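Visitor: Dropping the structure in here first, questions after.
Residue numbers (the working numbering): 91 to 510.
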């Protein structure tokens, strides 16, 4: 990079830093308390977001707004859903918090034979089975088990960024050729935010409900990095100031993918270095080709499952990795740990609700970490992922992860005592 480019880039970043400081200063004066993030994980799709949205939709809910939020919701989606307040069923609801057939949010009127399925995705990937995709499964069950005609079922895929469901989710069985074409992609920052703002206006004479909705709106804005219009205009003005600032901004945009690639590569390398420093032996590593596909690949090639294996001094083999568009995990695979008493391992780990056990795994668990250290290497809009561009933050995160892994395996489960 030429010296002039470096100088101009620094100047651009300094000017943007001033805007960031102004935003931070303004936010300092705002109320920080949010009842939702205090009580639950902000990213909790099931117990926070789906429950709150469905409880507000429910005309029989305790909000006292009757069917107005329901009507506004259907209008916001521009839906053809036919229903009556007397016959509609909402899941989950204040009378039944369980999911119906594992569907995140379901609106169904058995009299008019219409249904709306909402699949809610914050950061999790689709739960596809080998023989049937997730949305295929929901679609089939509402058709076959509830008797709702295909043409009367609407499916909405709710995300932060508007991305589409995986091809496997809608076409694994190929039973419903129309399914990939009828899924509507909606977002928290657009349709849900618009609907919530309408609900807040409706609740103008109900201060408790109004303020609760306002707090949820603030949570959504924080999660979607929603900035004020004035801030966006000021950022545009700085970038468009002259040819040098335009060129510097373009330089950042053009190299952003490469920054992601090197950050992911360095993250795995920092894992290897820190693990070897702690006395482990790395027996497999993530290939560079996989990182190429994650960063530069198309929709299908990006679906990678990077993982690596390490061996401790006892011969126990630990697997660390992440599934597509998901957080990092660690665990012990059954076929790699024949030196362990498997029944004793499973009897111990089954007491920990954070652990998962299946035929392939003795157990695996997501790393337990603060929100600002949660990493999804497919999503650099997340604070936890973006911050690991900084080498010091990255190494700090790696150490935090590995401390959690060692505490779980050796102190909590004492797996090393189960070697046969």
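Yeah, the Cβ is synthetic: ideal placement off N, Cα and C, and Gly gets one too.
A quick note: this is a predicted structure, and the numbers were derived from the prediction, not measured.
1) Measuring CB to CB, does residue 421 end up less than 9 Å from residue 441?
2) Does the Cβ of residue 461 have 16 or more other Cβ atoms within 10 Å, making it buried, or fewer, making it exposed?
3) Whole angstroms is fine: what's the gap from residue 170's alpha carbon to residue 312's?
4) So if DSSP puts residue 401 in a beta bridge, which residue, or which two residues, is it bridged to?
5) In three-state terms, what does DSSP make of residue 510?
6) So which of 184, 274, 404, 209 has the shortest CA-CA distance to residue 371?
7) Can you list, in chain order, the residues of its chain with a C-beta nearer than 7 Å to that of residue 303? Leave out the 5 residues immediately preceding and following it.
8) With residue 421 as the anchor, note down where its beta strand (DSSP E) starts and where it stops.
9) So what does residue 245 bridge to, in DSSP terms?
10) Report the rounded CA-to-CA distance for residue 417 versus residue 176, giving the unit in angstroms.
11) If you drop the 5 nearest sequence neighbours on each side, which residues of the same chain put their C-beta closer than 6 Å to that of residue 320?
12) Restricting to Cα atoms, I'd like to know which of 138, 349, 156 is closest to residue 296.
13) Considering only C-alpha positions, which residue in the set 356, 347, 407 is nearest to residue 369?
14) Counting only beta-carbon atoms, is residue 129 nearer than 9 Å to chain B?
15) Along the chain, where does the alpha helix (DSSP H) that runs through residue 414 open and close?
16) Go to residue 225, then tell me how far its alpha helix (DSSP H) extends in each direction, as first and last residue.
17) State the DSSP-derived secondary structure class of residue 186, mapped to helix, strand or coil.
18) Identify, in the order they occur along the chain, each residue of the same chain with its Cβ nearer than 6 Å to the Cβ of residue 426, setting aside the five sequence neighbours on each side.
19) What's the C-alpha gap between residue 454 and residue 447?
20) So, is residue 96 buried or exposed, given that buried needs 16 or more other C-beta atoms within 10 angstroms?
21) In whole angstroms, what is the alpha-carbon distance linking residue 246 and residue 179?
22) In the DSSP assignment, find the unbroken alpha helix (DSSP H) run with residue 478 in it and report its ends.
23) Under DSSP, the alpha helix (DSSP H) around residue 285 begins and ends at which residues?
24) Just to confirm, is the Cβ distance from residue 166 to residue 92 under 9 Å?
25) Give the secondary structure of residue 179 by DSSP, where H, G and I count as helix, E and B as strand, and everything else as coil.
26) If you compare alpha carbons, which of 375, 364, 434, 413 is closest to residue 384?
27) In the DSSP assignment, the alpha helix (DSSP H) including residue 129 goes from what residue to what residue?
28) Between residue 348 and residue 261, what straight-line distance do the alpha-carbon atoms span, to the nearest angstrom?
29) Which residues does DSSP pair with residue 193 in a beta bridge?
Guide: Taking the definition as stated:
1) Within the chain shown, numbered from 1, the residue matching residue 421 stands at position 331. Within the chain shown, numbered from 1, the residue matching residue 441 stands at position 351. Contact: no.
2) In the chain shown, residue 461 corresponds to position 371, counting from 1. Flag for residue 461 reads exposed.
3) The sequence position of residue 170 within the chain shown is 80, counting from 1. The sequence position of residue 312 within the chain shown is 222, counting from 1. Each residue's alpha carbon lies about 32 Å from the other.
4) Along the chain shown, read from residue 1 onward, the residue named residue 401 stands at position 311. DSSP output for residue 401 lists 371, 407 as bridge partner(s).
5) In the chain shown, residue 510 corresponds to position 420, counting from 1. Residue state, collapsed to three classes: coil.
6) Here residue 371 refers to the residue found at position 281 when the chain shown is read from its first residue. Comparing Cα positions, the closest option is 404.
7) On the chain shown, residue 303 is found 213 positions in, with the first residue counted as 1. Cβ neighbours of residue 303 beyond the five flanking positions: 286, 289, 290, 293.
8) Working through the chain shown from its first residue, we reach residue 421 at position 331. Taken as a continuous stretch (DSSP letters only), the beta strand (DSSP E) holding residue 421 covers 418-423.
9) Counting from one through the chain shown, the residue named residue 245 turns up at place 155. In the DSSP output, where bridge partners are listed per residue, residue 245 has 207, 273.
10) For the purposes of this step, residue 417 is taken as the residue at position 327 of the chain shown. For the purposes of this step, residue 176 is taken as the residue at position 86 of the chain shown. When rounded, the distance between both Cα atoms is 42 Å.
11) Along the chain shown, one-based indexing puts residue 320 at 230. Once the five neighbours on either side are set aside, residue 320 has no close Cβ partner at all.
12) Translated into the one-based positions of the chain shown, residue 296 becomes position 206. It is 156 whose Cα lies nearest to the Cα of residue 296.
13) On the chain shown, position 279 is the one that residue 369 refers to. Residue 369 has its Cα closest to that of 407, out of 356, 347, 407.
14) No chain B is part of this structure, which consists of one protein chain only.
15) What you label residue 414 is simply residue 324 of the chain shown in a count that begins at 1. It is not in any alpha helix (DSSP H) - residue 414 carries neither H nor E in the DSSP assignment.
16) Numbered from its first residue, the chain shown carries residue 225 at position 135. Element bounds for residue 225: 224-234.
17) For the purposes of this step, residue 186 is taken as the residue at position 96 of the chain shown. If DSSP states are grouped into helix, strand and coil, residue 186 belongs with the strands.
18) The residue given as residue 426 occupies position 336 in the chain shown. Here the set comprises 407.
19) Position 364 of the chain shown, counted from the start, is the residue given in the question as residue 454. Position 357 of the chain shown, counted from the start, is the residue given in the question as residue 447. Each residue's Cα considered, the two are about 7 Å apart.
20) Position 6 of the chain shown, counted from the first residue, corresponds to residue 96. Residue 96 is exposed by the Cβ-count criterion.
21) Start at 1 with the first residue of the chain shown, and residue 246 comes out as number 156. Start at 1 with the first residue of the chain shown, and residue 179 comes out as number 89. Computed Cα separation, rounded: 17 Å.
22) Counted from its first residue, the chain shown places residue 478 at position 388. Run containing residue 478: none; DSSP gives neither H nor E here.
23) The sequence position of residue 285 within the chain shown is 195, counting from 1. Looking at the DSSP string, the run of the alpha helix (DSSP H) that includes residue 285 is 283-292.
24) For this step, residue 166 is matched to residue 76 along the chain shown. For this step, residue 92 is matched to residue 2 along the chain shown. Contact flag unset, no.
25) As a working mapping, residue 179 is identified with position 89 in the chain shown. In the structure shown, residue 179 sits in a strand (DSSP, three-state: E or B).
26) What you label residue 384 is simply residue 294 of the chain shown in a count that begins at 1. Ranking the options by Cα distance to residue 384, first place goes to 413.
27) Numbered from 1 along the chain shown, position 39 holds the residue referred to as residue 129. Taken as a continuous stretch (DSSP letters only), the alpha helix (DSSP H) holding residue 129 covers 125-129.
28) Along the chain shown, read from residue 1 onward, the residue named residue 348 stands at position 258. Along the chain shown, read from residue 1 onward, the residue named residue 261 stands at position 171. The alpha-carbon atoms of residue 348 and residue 261 are separated by roughly 33 Å.
29) Sequence index remark: in the chain shown, residue 193 carries index 103 (1-based). Residue 193 pairs with 190.
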